[in-house]
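Engineer: Protein chains in written order, with this note's numbering: chain A, 3 to 372; chain B, 3 to 372.
This is the structure:
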């Protein structure tokens with residue numbers, strides 16, 4: 003059994019070790035059926051039970067009202083970027099988008115294929131280091147789209163925007179879903195690629211209100227209609243069965259941790275350890291505005307690319323992997339999703355403190371020699 | 003460690019046990035990295051190596067020429083049904099389709115959204131129990147589509163149809179890909195959902211010729227353009243990393259069996275055991291015409307629904323699962339993909355022989371009593 007290391011990857015990302023153990027067993031034989039979870043027919047009773055358990059746990063965790071459907075789709079959030087306007091936006095219609103990073107921008111680009119996009123707010127002026135508060139909504143919006151957490155830029159909405167009127171709120175929650183309680187009834191639709199907080203890549207969770215399902219476009223391929231998947235319990239064609247199984251086990255694990263409120267508390271504690279250090283550090287600087295900080299992706303820099311690289315190499319040698327920041331921001335990014343252990347954050351801060359002290363000594367040494 | 007049973011499921015289907023063992027280890031730590039295969043970034047070196055190995059093995063196995071791209075997509079064959087005409091068929095254009103079952107029909111329905119469909123042949127007159135040989139091609143076809151194996155109806159093309167002119171041949175090989183050698187250069191595009199012969203559901207393998215990639219439509223969402231995935235080595239967005247890993251291990255396993263020629267030989271032997279028995283049985287009758295029989299899905303009936311049900315229950319009690327036929331055909335279906343063991347086919351025939359003998363005795367008993 004090889005040793006595990008601390009994995010700060012932004013996604014696909016670290017998963018609960020107990021879930022990995024369960025998945026290992028299920029690969030060989032699911033619940034004593036003598037057939038592995040990947041090998042069960044999606045129409046058989048064993049997988050139907052997995053699907054039902056996964057949906058039930060999802061509903062319990064997030065308190066999803068009965069007038070919402072839970073769907074398990076494929077294609078990632080990137081496929082939702084065009085599927086949403088294809089279903090809800092006709093030529094001549096307008097949808098509101100708040101632009102807080104690369105993913106929101108991609109969502110805007112796809113919506114423009116189908117109708118008008120009104121950008122209600124953007125933080126592009128300062129390289130997306132904050133969540134805009136001054137929002138200008140259009141008067142007749144078919145829906146309002148935002149990205150709750152920005153993986154690349156390390157920013158996160160403290161709570162959903164207040165939208166006037168009845169424009170349904172649609173949120174890409176890929177990188178912070180189930181990291182804190184969600185007031186589902188405030189949304190028309192929530193979607194998330196699984197590979198950050200929910201499971202393996204290849205499954206997209208969609209939570210969608212009934213009226214959006216029934217009012218959506220009919221003149222598009224069946225596979226791209228939410229209706230099709232809602233009417234067929236996500237089994238119109240073969241769904242990604244293994245990913246759905248793993249997602250179900252992750253939901254179970256979150257329940258074992260005490261549910262979304264308890265997970266949110268733990269996520270706050272983990273983030274505080276790192277942000278508290280960053281606020282006092284002379285060497286390391288957080289990149290996001292204080293009121294816009296993400297609890298999932300914590301971005302920071304030294305200000306010198308060679309020093310950043312040196313720290314990343316030092317951390318990697320110490321068994322802390324995946325800390326290199328995205329090229330749009332540079333520096334470091336610590337992704338500390340639900341399953342990332344507190345001990346890993348403590349180890350990171352210890353290492354940063356040590357690195358900073360050594361840099362200080364080296365500078366003093368240079369000064370003496372100079 | 004729980005015991006495994008014989009799984010005749012039509013898909014998701016049985017996988018090689020050695021691959022399941024490898025996947026169990028990789029879930030915890032991939033190649034000693036200390037990070038599980040589901041948890042590795044798709045941009046990191048560990049997954050990049052997995053992706054390259056999977057593609058290389060695929061190319062070696064099928065002898066894929068350099069002017070073809072190998073893509074790993076999502077959404078199943080059902081998503082290809084609309085993606086193909088969306089990319090290759092403009093309004094006013096015509097594409098040829100051969101209709102040999104439910105999946106070909108669904109493919110036709112989607113193509114009609116974009117252009118004209120010319121049905122070059124169909125076997126619907128006899129409930130798809132044969133592969134049509136009398137084919138009537140259109141004169142100017144953008145492409146020619148067929149389904150090499152029909153999971154539901156137990157029929158399979160002995161070899162690809164001879165298409166006059168230069169209409170690129172596009173094949174849905176979901177249920178018999180890599181069960182025998184493929185002459186890739188005869189095709190414009192081959193696609194297959196993974197969940198029968200290649201791995202878990204949630205990955206679609208696409209093998210596509212360069213000119214089809216470059217000549218395809220540009221006015222469709224990037225995620226639906228083959229171009230996008232070809233230019234980004236299937237990593238435009240996060241691909242289904244675990245499924246790609248498993249597919250790579252399945253390719254490796256096929257190579258260990260001696261490659262596609264050896265696998266084809268083994269598949270022939272397995273199918274012969276069952277078809278030879280069916281040809282001599284008084285009770286069980288094969289449903290497909292002899293010259294159109296599938297080596298992957300072997301369909302048969304007793305002619306009496308209650309007797310079919312009794313046999314299926316008897317088989318299930320004996321540890322042979324998944325034998326119930328699709329409702330379109332009724333009776334039984336034994337899916338014996340690459341990974342299905344010969345011993346399972348032998349066990350099935352033994353059970354059928356025994357069941358038939360007991361039915362005979364029961365009848366004789368009734369006759370004596372009557």
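Each residue gets a CB set at the ideal place from its N, CA and C atoms; glycine is no exception.
For residue 202 of chain A, return the contacting residues in chain B, with the cut-off set at a CB-CB distance below 8 Å.
Structural biologist: Within chain B, the residues near residue 202 of chain A are 40, 242, 243 and 244.
Engineer: Can you tell me whether residue 252 of chain A is helix, strand or coil according to DSSP?
Structural biologist: Residue 252 of chain A: helix per DSSP, three-state reduction.
Engineer: Tell me whether the beta-carbon of residue 359 of chain A lies closer than 7 Å to the beta-carbon of residue 17 of chain A.
Structural biologist: Their beta carbons are not under 7 Å apart, which means residue 359 of chain A does not touch residue 17 of chain A by this criterion.
Engineer: Between A:295, A:54, A:180 and A:249, which has its C-alpha nearest residue 63 of chain A's C-alpha?
Structural biologist: Per the Cα distances, A:180.
Engineer: Verify the contact flag: residue 129 of chain B, CB atom, against every heavy atom of the ligand GTP, threshold strictly below 6 Å.
Structural biologist: The ligand GTP is not part of the structure shown, which contains no ligands of any sort.
Engineer: Judging by CA-CA distance, which residue of A:59, A:155 and A:205 is the nearest neighbour of residue 303 of chain A?
Structural biologist: Ranking A:59, A:155 and A:205 by Cα distance to residue 303 of chain A puts A:155 first.
Engineer: Using three-state DSSP, classify residue 278 of chain B as helix, strand or coil.
Structural biologist: Residue state, collapsed to three classes: helix.
Engineer: In the structure shown, what three-state DSSP assignment does residue 2 of chain B receive?
Structural biologist: Missing from the structure shown is residue 2 of chain B; chain B here goes from 3 to 372 and no further.
Engineer: On the premise that residue 198 of chain A lies in contact with residue 169 of chain A, defined as a C-beta separation below 8 Å, what is that separation, rounded to the nearest angstrom?
Structural biologist: Between residue 198 of chain A and residue 169 of chain A the Cβ distance is about 27 Å, and since that is not below 8 Å, they are no contact.
Engineer: Just the chain B side, please: which residues come within less than 7 Å of residue 25 of chain A by C-beta, in chain order?
Structural biologist: Ordered by position in chain B, the residues that pass the 7 Å Cβ test against residue 25 of chain A are 29.
Engineer: If you drop the 5 nearest sequence neighbours on each side, which residues of the same chain put their C-beta closer than 6 Å to that of residue 10 of chain A?
Structural biologist: Once the five neighbours on either side are set aside, the close Cβ partners of residue 10 of chain A are 324, 325, 336 and 337.
Engineer: Assign residue 245 of chain A to one of two classes, buried (16 or more other C-beta atoms within 10 Å of its C-beta) or exposed (fewer than that).
Structural biologist: Residue 245 of chain A comes out buried.
Engineer: For residue 80 of chain B, is the classification buried or exposed, using 16 other Cβ atoms within 10 angstroms of its Cβ as the cut-off for buried?
Structural biologist: Buried: at least 16 other Cβ atoms inside 10 Å.
Engineer: Residue 38 of chain B to residue 24 of chain B, Cα distance in whole Å?
Structural biologist: Rounded to whole angstroms, residue 38 of chain B to residue 24 of chain B spans 12 Å at the Cα level.
Engineer: Decide if the stretch 212-225 of chain B is in contact with the stretch 272-290 of chain B; the criterion is three or more beta carbon pairs, one per stretch, under 8 Å apart.
Structural biologist: Counting Cβ pairs under 8 Å, fewer than three are found: no touch.
Engineer: Got a sec: which bits of the stretch 68-88 of chain A sit with their beta carbon under 7 Å from any beta carbon on chain B, in order along the chain?
Structural biologist: Of all residues in the stretch 68-88 of chain A, 76, 77, 78, 80, 81 and 84 have a Cβ within less than 7 Å of some Cβ in chain B.
Engineer: By Cβ distance below 8 Å, which residues in the same chain neighbour residue 43 of chain B in space, the five residues on each side in sequence not counted?
Structural biologist: Around residue 43 of chain B: 49.
Engineer: Could you check whether the Cβ of residue 234 of chain B sits closer than 7 Å to any Cβ belonging to chain A?
Structural biologist: It does not: the Cβ of residue 234 of chain B has no partner Cβ on chain A nearer than 7 Å.
Engineer: Which value, in whole angstroms, describes the spacing of the CA atoms of residue 26 of chain B and residue 284 of chain A?
Structural biologist: Going from the Cα of residue 26 of chain B to the Cα of residue 284 of chain A covers about 45 Å.
Engineer: Could you tell me whether any Cβ in chain A is nearer than 7 Å to the Cβ of residue 354 of chain B?
Structural biologist: Residue 354 of chain B does not count as touching chain A.
Engineer: For residue 3 of chain B, count the other beta carbons within 10 Å of its own beta carbon; 16 or more makes it buried, fewer makes it exposed. Which is it?
Structural biologist: Only weak support exists for where residue 3 of chain B lies, its pLDDT of 46 falling under 50; the value from the coordinates is given anyway. Flag for residue 3 of chain B reads exposed.
Engineer: In three-state DSSP terms, what is residue 158 of chain A?
Structural biologist: Here residue 158 of chain A sits in strand by DSSP.
Engineer: Please classify residue 174 of chain B: does DSSP put it in a helix, a strand, or coil?
Structural biologist: Strand.
Engineer: Tell me, please, whether the stretch 191-210 of chain B touches the stretch 111-130 of chain B by the rule of three or more beta-carbon pairs shorter than 8 Å.
Structural biologist: No: the two stretches stay apart, fewer than three of their Cβ pairs being nearer than 8 Å.
Engineer: Going along chain A, which residues have a C-beta under 8 Å from residue 11 of chain B?
Structural biologist: Under the 8 Å cutoff, chain A gives 37, 41, 42, 43 and 46.
Engineer: Considering residue 337 of chain B, what are the terminal residues of the beta strand (DSSP E) in which it resides?
Structural biologist: 334-337 is the extent of the beta strand (DSSP E) around residue 337 of chain B.
Engineer: How should residue 41 of chain A be labelled, buried or exposed, when 16 other C-beta atoms within 10 angstroms of its C-beta is the threshold for buried?
Structural biologist: Buried: at least 16 other Cβ atoms inside 10 Å.
Engineer: Where does residue 195 of chain B fall in DSSP's three states?
Structural biologist: In the structure shown, residue 195 of chain B sits in a strand (DSSP, three-state: E or B).
Engineer: Using only the alpha-carbon positions, how far apart do residue 350 of chain A and residue 294 of chain A sit?
Structural biologist: Cα-Cα distance, rounded: 22 Å.
Engineer: Drop a sphere of 10 angstroms on the beta-carbon of residue 158 of chain A, count the other beta-carbons inside from all chains shown, and report buried for 16 or more, exposed for fewer.
Structural biologist: Flag for residue 158 of chain A reads buried.
Engineer: The alpha helix (DSSP H) with residue 314 of chain A in it runs from where to where?
Structural biologist: Run containing residue 314 of chain A: 307-319, per the alpha helix (DSSP H) assignment.
Engineer: So what does residue 97 of chain A bridge to, in DSSP terms?
Structural biologist: Partner(s): A:119.
Engineer: Which chain A residues are close to residue 7 of chain B, counting only those with a beta carbon under 7 Å from its beta carbon?
Structural biologist: Neighbours of residue 7 of chain B on chain A, chain order: 36 and 37.
Engineer: If we count the other Cβ atoms within 10 Å of its Cβ and call it buried at 16 or more, is residue 367 of chain B buried or exposed?
Structural biologist: It is exposed - the Cβ of residue 367 of chain B has fewer than 16 other Cβ atoms within 10 Å.
Engineer: What is the DSSP secondary structure of residue 3 of chain A, reduced to helix, strand or coil?
Structural biologist: Confidence in residue 3 of chain A is poor, its pLDDT being 46 and thus under 50, which makes the residue's placement too unreliable to answer from.
Engineer: Who are the near neighbours of residue 166 of chain A in its chain, counting only those whose CB is closer than 7 Å to its CB and skipping five residues on each side?
Structural biologist: Here the set comprises 139.
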